[in-house]
Every structure is written in structure tokens, then in C-alpha cells.
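Trainee:
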Amino acid sequence: MAPTGRRRRKRAKGGIEQLPSGSFRVYVYAGWDPVTKRRHYLKEVVPAGPSAAAEAERVLRRLGNQVDERRHPRTAATVDELLEKHFDRAVLERSTLDTYRGYAEKHISPLIGQVQVGALDGDVFDAFYRELRRCREHCRTKFIEHRTAKVHECDDRCRPHSCSPLGVSTIRQIHFILSGALKRAVRWRWIAVNPIGQAEPPPAPVPAPKPPTAQEAARILIAAWGDAEWGTLVWLVMVTGVRRGELCGLRWRNLDLDAGVLVLDRSIGQRGSDMWEKDTKTHQQRRIALDPETVDVMRVHRERCESRAGEFGLRLGRDAFVFSLAPDGSRHYQPNSVSQRYAKLVKRLEIHTSIHKLRHFSATELIAAGVDIRTVAGRLGHSGGGTTTLRTYAAFVSESDQRAATSLSARLPMRPADVVLPPLSGDESDAPYRRVAEAIRSAVKGDGLTDGQFLPSVKAIAARYVVSVGTAHRALDLLRGEGLLRSGGRGFQVAGTPVPAPAVGPVPEPTSAHAPQMHEVELRRKGRGVARFSTEVDPGDSQDLLDLLIDAVCRSGGEESDYLEYDIVVHLPGRPDEAVTYVPRRRRRAS
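Under UniProt numbering, read the sequence shown as residues 1 to 591, first letter to last.
Structure follows, in C-alpha cells:
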């Protein structure tokens with residue numbers, strides 16, 4: 001029996017609407033929006049034109065295919081909505097989260113906050129980063145930058161706005177915020193592909209720490225000792241390189257003055273007037289050894305704190321803060337107040353620096369003293385086994401290395417002035433070219449070649465004694481210098497009285513119309529001159545030229561495997577305007 005009742009009509013997948021302007025609006029149903037809990041449609045408007053209707057049909061098919069293949073954005077949520085949900089679920093330090101929210105509120109929301117997540121692409125990101133580099137205030141009209149947001153009388157500190165770009169580090173942090181949020185969007189299946197891969201943030205800036213000089217550090221410390229407790233604080237930062245939050249969170253239980261050890265395990269965070277105690281930046285405890293002078297400074301400070309507590313009938317406990325305005329040490333210093341007081345101090349001294357630069361001072365002084373990078377990283381609290389430290393202080397490590405080399409040579413005893421240094425190549429009595437020369441010398445003297453008779457070609461001699469052509473040339477040049485040989489129009493000839501027949505083999509005829517003779521040769525690499533020399537070569541013999549080129553490459557310090565990058569120019573004797581340029585071809589492999 002056929003079923004009765006009304007059949008539920010399936011919702012239309014999509015359609016095309018013509019707008020009064022002549023444009024066409026294409027829409028495709030894409031399910032329920034997980035954010036708004038409403039029906040979600042993919043929409044796109046096709047501008048009016050003669051082919052607008054056909055283009056609208058193509059857009060309809062494309063959007064429909066995206067839905068069928070689940071490549072479409074499943075929500076119409078905006079970047080602002082994504083960031084809000086991302087920040088609610090991100091596991092971040094409170095101060096980091098507050099910083100990220102501040103960046104989102106000031107820089108992301110005004111520019112791309114209302115853009116749908118599914119509409120983000122490379123073009124949107126390029127325009128976004130371009131605006132960040134244009135003006136940090138994202139101005140649209142001229143205005144006055146007032147010295148305070150409160151009601152006030154304007155003075156010279158209230159001046160017309162001048163655009164300045166947002167810092168590269170801040171732009172990269174904004175990029176990382178968006179990257180993390182969009183990764184969550186992919187995991188939540190709001191979008192199919194993370195578009196952050198199409199973004200091109202600015203490259204990371206090269207670290208350039210600018211610590212105060214030793215003279216400036218001395219002036220700062222002398223001025224700080226005007227207040228004993230403040231001087232102790234500045235001394236401790238210079239010696240240990242602790243962060244200001246770690247300094248403010250330091251308790252007396254963290255100091256073992258008998259062992260000379262400082263333990264850092266807590267820090268103070270501050271955002272405006274709100275403060276809280278937290279872990280260190282790397283969430284790791286670290287121990288810093290103290291020198292005897294610093295131990296004495298801290299002992300005196302401890303006695304001073306105990307005396308002050310006793311005046312009020314109080315006792316200084318183990319959990320009391322090392323630096324505190326309260327007699328019993330129950331309240332820590334405020335990190336912002338420490339920075340402000342230090343800034344006033346150095347401003348009075350006309351030194352342009354900040355308290356954070358004392359970390360750089362501590363690091364660079366340790367590196368200059370020859371302390372290894374891992375130890376410096378451990379004292380500063382850098383994670384990564386010294387990678388961060390090496391990247392930040394690379395220039396100072398190089399300087400330290402140069403000083404180490406100089407100091408080492410200075411400690412060595414002086415070299416006697418009459419020492420005769422051996423040749424760099426060592427003992428050449430057994431050098432290959434000398435062995436070849438001795439063999440030819442014995443053959444010439446022992447078997448009796450006729451005066452003027454030619455020796456075998458250089459290539460034949462090189463093959464006979466299993467040496468390079470250059471080595472054979474060097475052996476023959478040695479014998480020529482001894483007067484046993486002379487170079488003629490066709491090669492090397494025996495000189496002197498007649499001697500017995502040769503033992504080195506038959507004398508071959510020249511292999512080409514060009515007779516082997518001395519030529520001026522220039523070795524070039526990619527068109528640039530490498531070396532010039534004189535040698536005997538047959539300009540018409542390609543194999544002879546190839547052997548000469550390879551030998552010249554090796555002699556000039558190159559690798560034989562790179563011979564294709566070289567060429568040689570052979571200048572013809574007696575014809576200064578004529579030369580033969582030899583360019584090697586890639587050797588064919590035997591089949």
C-alpha cells in the first residue's frame with residue numbers, strides 16, 4: 001500500500017536573484033551556522049553586465065561544488081567573533097593574554113574585525129599589513145596628539161599627529177595571534193583551509209642589544225647608592241641579569257647566603273594597577289651562583305631589613321620579600337615603579353637606556369669574560385639550551401672569540417728569530433714531479449738519445465708515469481733548468497752530447513697541425529680571471545687543453561668536479577691579438 005500523508009519538501013540548495021541595479025545575487029544553502037545557530041548561506045554578488053547572467057550560473061555551480069565537497073566556510077562568523085572565542089579558550093599567561101587582547105582591540109578589530117573568516121585571503125592580509133606599516137594609529141584625518149586623555153591645557157607636548165609605522169616585532173606578534181586563532185577555526189571546521197599561509201609578515205628583525213657601557217654602568221651604580229636599598233637592587237640586577245618581575249617576586253627564602261646561591265621560581269606580573277604573582281617566564285626554576293662581593297652586599301641588606309622590622313616590633317620571615325616598602329617585607333615592589341624610578345635615574349645622568357638593558361649588560365660582560373653560552377643562558381633564564389642567547393648576542397660572541405684568540409697567542413712564548421721554517425709543502429724530495437724527472441734523467445743519461453731528438457709528448461709521459469699533465473710539465477721544466485732538455489718547436493729535445501737510445505718509448509709524431517710550444521695561458525672562472533701562467537700546450541688538441549684546464553683548476557685551489565665552470569685562454573706566441581679560448585663540455589657517460 002502506498003504511504004499516505006504529505007511528503008516533506010526538500011529545501012532548495014540555492015538560487016539566483018536579480019537586484020534592481022541589474023546585478024545578480026547568488027546564494028547557496030550551506031547548513032547551520034555553529035556560532036549564530038541560524039541557517040548559513042554562501043552569498044556572492046555578480047556585477048551587472050552583458051554576461052552577468054552566465055557568470056551568475058557559473059558562480060552558483062562553484063558555490064554548490066564547495067558545499068558538496070565540504071570546502072566551504074561553515075559559518076559567517078567575523079574575525080572579531082573568532083578572536084573572542086579564541087582568547088576565551090587559549091591557555092596563555094595573564095599578561096600575555098592582556099597584551100594580545102590589546103593588540104586585537106587597537107589594531108585588528110578596526111581594520112579587519114568585521115571581515116568574515118571565510119573571506120580572508122592573501123589580498124586581505126597584504127592590505128592589512130600594509131596599513132600597519134603605514135601608521136600605528138590608522139589615521140584617516142589630521143588630528144592633534146594630546147599629552148593626556150584628561151581635560152588639560154594644551155602646551156608644546158600636544159602636537160599634530162605624524163604617522164609612524166607599527167614596530168616589526170608588534171606586527172609579527174599580531175600575525176601569530178591570527179595564526180593561532182585560524183588554526184582553531186580549522187580544527188572547529190569553521191573553514192577548510194587556514195588562509196594564514198597566504199600572508200607575508202615582515203621578517204624577524206636582527207637582534208641588536210644595546211647594553212650600557214662599563215663606564216655608564218659605573219655611573220648608574222654610583223648614583224643608585226645614594227639610597228642603600230635602591231643601590232642594592234641595581235647591583236643585583238647588574239650581577240645576575242634577573243627580569244624586573246623576578247626581582248620584585250624575590251623572597252628571602254630564595255637566598256642562601258651561606259652557599260652563595262639565588263633561586264628564582266616566582267615573578268610578579270602587572271597590568272595597570274592590577275598585580276599578581278605567577279611563575280617565571282619559562283615556567284622553570286633556576287639557580288644563580290653569587291660572587292662573594294654580592295653575598296656581602298645582600299648580607300648588609302638583610303641586616304638593614306631586620307633592623308627596620310625590629311624598630312616596629314616586627315620580625316622578618318622567610319617569605320618576606322627581599323625588596324619591600326613594608327617593614328615586615330609583606331608587600332613587594334611594583335614592577336612599573338621600578339622601571340619608572342630607574343628611568344628617572346638614567347635621565348638625570350643623560351644616559352639613554354632602560355632597566356631591561358641591564359640584562360644585556362650582564363650577558364655581554366659574561367660573554368666577554370669567556371663564559372660559555374649555555375651557562376650564560378642558564379643565568380638569564382633563556383630556554384632552548386642557549387639558542388636564544390646565541391641569536392641575541394651573536395656579535396658579542398664573535399668579539400669574545402677574537403679576544404680569546406688574541407689572548408691565547410699573547411700567552412705563548414716568543415718564537416726565536418733565527419728559526420728557519422720548513423716549506424709549506426713539506427719535504428719535496430719524494431714529490432711526484434721529482435720522481436718523473438729522475439726517471440727521465442736516468443733514461444737520457446743511460447741509454448743515449450741523440451742531441452736534438454724529441455722526447456715523447458707531455459701526455460704520453462703523463463700516461464707512462466700515471467701523473468697529471470701539469471706534473472709531467474713540471475718535471476720537464478726541472479730538467480730543462482738543469483740543461484738536460486731544451487724546448488723546441490715540437491716539444492722537449494735532448495740537449496748535450498749524444499747518449500744511448502731512449503728507454504721511455506717511441507717518439508710519437510705531433511697529433512695536430514699546431515706544434516706544442518710555450519704559451520701564455522689565462523684561467524678564468526665564470527668570466528673572471530683566476531690565474532695567469534706560461535706552459536707548453538698544443539692549442540689544436542682538445543684533450544691536451546682539457547687536461548691543462550683541469551690541472552690548472554686544481555693548482556688554483558678549485559675542485560676538479562667544478563671544471564665546467566672554468567675556461568682557458570691560450571695566447572698564441574708572436575701574435576698578440578690572437579688567442580684560442582677553450583670551453584670544456586660535459587663529459588658523456590659511457591653507455
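Glycine included, every Cβ here is placed at the ideal spot set by N, Cα and C.
Keep in mind it's a predicted model, so treat the numbers as computed, not measured.
What are the start and end residues of each continuous alpha helix (DSSP H) run of 4 or more residues lying completely inside the stretch 229-281, in chain order?
Mentor: Complete alpha helix (DSSP H) runs here, min 4: 244-248.
Trainee: How is the alpha helix (DSSP H) around residue 662 delimited, first residue to last?
Mentor: The chain is shown only over 1 to 591; residue 662 falls outside these bounds and no answer can be derived.
Trainee: Which value, in whole angstroms, describes the spacing of the CA atoms of V261 and S169?
Mentor: Roughly 35 Å between the two C-alpha positions.
Trainee: For the stretch 17-88, list the alpha helix (DSSP H) runs that are entirely contained and at least 4 residues long, ordered along the chain.
Mentor: You should have 52-68.
Trainee: Quick check on the burial criterion: 16 or more other C-beta atoms within 10 angstroms. Buried or exposed for L424?
Mentor: The predicted model places L424 with a pLDDT of 44, which falls under 50 and marks its position as unreliable; any figure quoted below should be read in that light. Flag for L424 reads exposed.
Trainee: Can you find a C-beta in chain B that's less than 8 Å from the C-beta of K445?
Mentor: Chain labels in this structure do not include chain B; a single protein chain is all it has.
Trainee: Return the Cβ separation of P539 and L572 in integer angstroms, given the expectation that the two are a contact with Cβ distance under 8 Å.
Mentor: Contact holds; Cβ gap of about 7 Å.
Trainee: Given a cut-off of 8 Å on the beta-carbon distance, is the pair I351 and P212 in contact?
Mentor: Taking 8 Å as the Cβ cut-off, I351 and P212 qualify as a contacting pair.
Trainee: In the DSSP assignment, find the beta strand (DSSP E) that holds Y393 and state where it starts and stops.
Mentor: First-last for Y393: undefined, no H or E at that position.
Trainee: Could you please give me the residues that DSSP links to L523 through a beta bridge?
Mentor: Beta-bridge pairing links L523 to A531 and I568.
Trainee: What does a CB cutoff of less than 6 Å around T141 pick up in its chain, not counting 5 residues either side in sequence?
Mentor: So no residue of the chain qualifies.
Trainee: Does DSSP put Y582 in a helix, a strand or coil?
Mentor: The answer is strand: DSSP assigns Y582 an E or B state.
Trainee: Please state the DSSP three-state secondary structure of P335.
Mentor: Looking at P335 - three-state DSSP - the assignment turns out to be helix.
Trainee: Tell me the DSSP secondary structure of F312 in three-state form.
Mentor: F312: coil per DSSP, three-state reduction.
Trainee: Note down the Cα distance separating E153 from P327, rounded to an integer number of angstroms.
Mentor: Looking at the two C-alpha atoms, the distance is approximately 41 Å.
Trainee: What are the residues that DSSP puts in a beta bridge with L485?
Mentor: Beta-bridge pairing links L485 to V494.
Trainee: Judging by CA-CA distance, which residue of W188, K357, D291 and G167 is the nearest neighbour of P209?
Mentor: Nearest of W188, K357, D291 and G167 to P209, Cα basis: K357.
Trainee: In this structure, how does DSSP classify I222 when only helix, strand and coil are distinguished?
Mentor: Helix, per DSSP.
Trainee: Quick check: F361 and L250, are their CB atoms within less than 8 Å of each other?
Mentor: No, the pair does not count as a contact, with Cβ atoms beyond the cut-off.
Trainee: Checking the sheet assignment: what are the DSSP bridge partners for M518?
Mentor: Note: M518 sits in a beta bridge opposite E536.
Trainee: Could you have a look at G15 and say whether DSSP puts it in helix, strand or coil?
Mentor: Correct three-state label for G15: strand.
Trainee: Considering only the beta carbon of each residue, do R524 and Y582 sit closer than 8 Å?
Mentor: No, they are not a contact pair.
Trainee: Give me the residue from S457, T471 and A463 with the minimum Cα distance to A437.
Mentor: That would be T471, whose Cα lies nearest to the Cα of A437.
Trainee: Could you tell me if D227 is buried or exposed, where buried requires 16 or more neighbouring beta carbons within 10 angstroms of its beta carbon?
Mentor: Exposed, because fewer than 16 other Cβ atoms sit within 10 Å of the Cβ of D227.
Trainee: Find the nearest neighbour of G378 within the set A369, A363 and G49, judged by alpha-carbon distance.
Mentor: Looking at the Cα atoms, A363 is the closest of the given residues.
Trainee: Go ahead and label E246 buried or exposed: buried means 16 or more other beta carbons lie within 10 angstroms of its beta carbon, across all protein chains shown.
Mentor: Counting Cβ neighbours within 10 Å, E246 comes out buried, since at least 16 surround it.
Trainee: I'd like to confirm the pairing. Which residues does DSSP put opposite A289 in its beta bridges?
Mentor: Answer by DSSP bridge pairing, in chain order: V261.
Trainee: For Q220, count the other beta carbons within 10 Å of its own beta carbon; 16 or more makes it buried, fewer makes it exposed. Which is it?
Mentor: The sequence shown places Ile at residue 220, not Gln. Buried is the call here.
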